[in-house]
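My numbering applies: residue 643 is where the sequence shown begins, and numbers increase by one.
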Amino acid sequence: MAKEQGRAGGKGWRGAGPVRRSGGRGWYRPLNRERVLAAALALVDREGLPVLSMRRLGAELGVEAMALYRYAPSKNALLDGLVEALYLEVEECLAADAAGAVAGVPAWRCGLHRIGRATYDVCLAHPEAVPLLPTRMLRAPLARRPLAVLRDHERVFALLEEAGLDGVRAGVVFRAITGWVLGYVSVEVCPMADNPDEPDPVVRLGLDHLPPQELPRLRMAVALTEPGGPEGLAVGLDALLDRLVRPIGAEPVQ
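Structure, rendered in structure tokens:
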């Protein structure tokens with residue numbers, strides 16, 4: 643996880659200080675926001691979002707639950723922090739990606755693909771936390787989203803400006819890209835298999851239990867046994883960009 647970062651337009655995270663170890667066993671080394679978020683994300687990765695609570699997180703860190711309220715005034719603030727943690731990892735992925743230019747592909751287009759792939763990789767590494775993106779990040783007013791999220795938005799808009807889009811058109815394309823990437827990864831981490839160890843794809847998905855008269859096409863959808871992978875993400879992103887981003891000077895797409 644990246645080093646401790648602030649939030650834009652929001653409050654709730656406070657400075658670190660010494661806290662008493664749970665059970666009164668002396669003093670624990672000072673916590674900080676980065677450690678709290680890392681422990682929360684690790685707990686969600688391991689056991690899922692429903693188990694996350696201040697009490698459980700305090701037990702993970704060896705402190706009383708009340709000690710965490712200096713870092714998050716509520717569980718909602720903690721969940722928002724997990725969204726920030728995911729986007730800080732996206733930043734790390736982008737910083738570590740030394741991919742160069744692709745012959746014949748504009749730099750702005752390569753940049754959008756890099757952002758999409760970094761988001762995909764982070765989400766696949768933390769599938770249990772992915773539901774927070776549509777339920778918390780997208781439902782928060784724009785200015786109240788974590789700073790790491792806003793920086794991600796800024797990167798996308800900068801690339802769309804490089805592509806020659808004005809503010810209005812860039813907003814349309816930004817919404818389309820955001821919807822595609824987050825929708826794709828949300829589907830990608832959804833459990834599809836009813837019986838994961840079954841070699842027959844029809845049985846693995848449980849399609850043999852579906853009523854053939856009512857759902858004849860879905861019963862044949864064995865392609866759902868395998869994830870779409872980053873290739874599917876790239877194909878969809880290219881389709882959006884081909885449709886929505888026109889070369890400078892070209893006629894608007896109707």
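Backbone N, C-alpha and C define an ideal beta-carbon position, used for all residues, glycine too.
Distance from C735 to V705 at the Cβ level is roughly 31 Å; contact not present, criterion being Cβ atoms closer than 8 Å.
Each of E803, R817, T867, G848 was checked against the Cα of V831, and the nearest Cα belongs to T867. The beta carbon of P769 sits closer than 7 Å to the beta carbons of V831 from its chain, once the five residues preceding and following it are set aside; these are given in chain order. A distance of 9 Å or more separates the beta carbons of V829 and L849.
Distance check between G723 and each of R698, L766, A790, D880 places A790 closest, using alpha-carbon atoms only. Annotation for V815: L802, L807, L886, V887 place their beta carbon closer than 7 Å to its own, counting only its chain and skipping 5 residues before and after. Per DSSP, reduced to three states, the secondary structure at L789 is helical. By the C-beta density criterion, T761 is buried, having at least 16 other C-beta atoms within 10 angstroms. Counting only the Cα atoms, A835 lies some 31 Å from L754.
A straight-line Cα-Cα distance of about 15 Å links R751 and A818.
C-alpha of L679 to C-alpha of V686: approximately 11 Å in a straight line.
Here the alpha carbons of A682 and L730 stand approximately 15 Å from one another. Following the DSSP letters along the chain, one finds P843 inside the alpha helix (DSSP H) bounded by residues 843-847.
A check of alpha carbon separations from G878 across D739, L780, G825 identifies G825 as the nearest.
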